[in-house]
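Letter 167 of the sequence shown, counting from 1, is numbered 195 in this note's numbering, and no numbers are missing. For each residue, glycine too, the CB sits at the ideal point set by N, CA and C.
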Amino acid sequence: MSFHKIDNDSVNSITNALDFFQIPPTNVSISSSKVYEILTSNPLTDTPYHFKIHSSQNFIDLSKCYILSEFRIRKEENGQLVNLAPNENVAPIQLIGLTFINNMRITINGREIFNSNSLYAYKTYLSHEFSYPSTAKNSHLNSAGYYGNNELTLEAGSGFATRKALFTSSRTAQFLSKIDADLFNQPLYLVNHCEVDIEIIPNDTNFVLIGQRGQDITLRFSIVNFT
């Protein structure tokens, strides 16, 4: 069998009968899915915190990974921690469910693929502030501790008052936040047989709390639960 070009100026191509190497697409669907709660590998009193996703047969949907955190604010009196008075004017910073993190480092199979270099709080705050519409900020971002504020100072406004009310009298408050890292902001699954280590270093109290200027008290921001 021989072939020749009818039009010498036409582009070279091949007939389908000779295309031996084309693989037809395979339809793939998800047969089952599970949700796991992963605890820190070390006690909450020891930092940095480590979350380990061990190697398995499962693919991982990284876009559905969230941080569940629970915090409390107390003050120090005579060397002991006591509850805040109802009129104490103190609140956490904006988006506390994520901005309490100082640094996040992610490794896969021992290879580092993300490191915020102690700038995680700034990165995540700015990305949420400029990337989300007001409808999102006034709805589902509340679960991460975001409450908008139009005042010129940090110690006033409806957002400050709402965040303050969450911790009145040293009550604990829970927050659910989507992990804000490049690898977790894309739709592809992580292939199986990968071991993921997420290392988190929290910010100190002086960074995460906003108080009225001139208050002569020592405050303590503590992590009660973290998964």
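Short Cβ contact (8 angstroms threshold) for residue i with residue j
| i | j | result |
| --- | --- | --- |
| I261 | Y77 | What is shown of the chain runs 29 to 255, which leaves residue 261 out entirely. |
| K103 | L247 | yes |
| R100 | T200 | yes |
| D210 | F158 | no |
| G125 | F235 | no |
| S167 | Y94 | no |
| I226 | I136 | no |
| N177 | S171 | no |
| L123 | T152 | yes |
| T190 | Y174 | no |
| I58 | V224 | no |
| S69 | C222 | no |
Where the beta strand (DSSP E) containing residue i begins and where it ends
| i | result |
| --- | --- |
| Y77 | 77-81 |
| S250 | 246-254 |
| E140 | 139-143 |
| T135 | 129-136 |
| L237 | 237-239 |
| L109 | 108-110 |
| V118 | 118-120 |
With 16 other Cβ atoms within 10 Å as the buried cut-off, status of residue i
| i | result |
| --- | --- |
| Q108 | exposed |
| Y64 | exposed |
| Q85 | exposed |
| T127 | buried |
| H156 | buried |
| I34 | exposed |
| I129 | buried |
| S144 | buried |
| L67 | exposed |
| E116 | buried |
| I121 | buried |
| K192 | buried |
Supposed close pair residue i, residue j - CB separation, criterion 8 angstroms
| i | j | result |
| --- | --- | --- |
| N231 | A149 | 6 angstroms |
| L90 | F212 | 5 angstroms |
| Y217 | F87 | 4 angstroms |
| I251 | S97 | 7 angstroms |
| E183 | I238 | 6 angstroms |
| T196 | P114 | 6 angstroms |
Where the alpha helix (DSSP H) containing residue i begins and where it ends
| i | result |
| --- | --- |
| T163 | 162-165 |
| A189 | 186-194 |
DSSP beta-bridge partners of residue i
| i | result |
| --- | --- |
| E157 | DSSP output for E157 lists no bridge partner at all. |
| D225 | K80, T135 |
| Y94 | K206 |
| V56 | Note: V56 sits in no beta bridge, so no partner. |
| F99 | A201, I251 |
| P71 | None; P71 has no bridge partner. |
| L218 | I88 |
| E183 | E183 pairs with nothing; no bridge assigned. |
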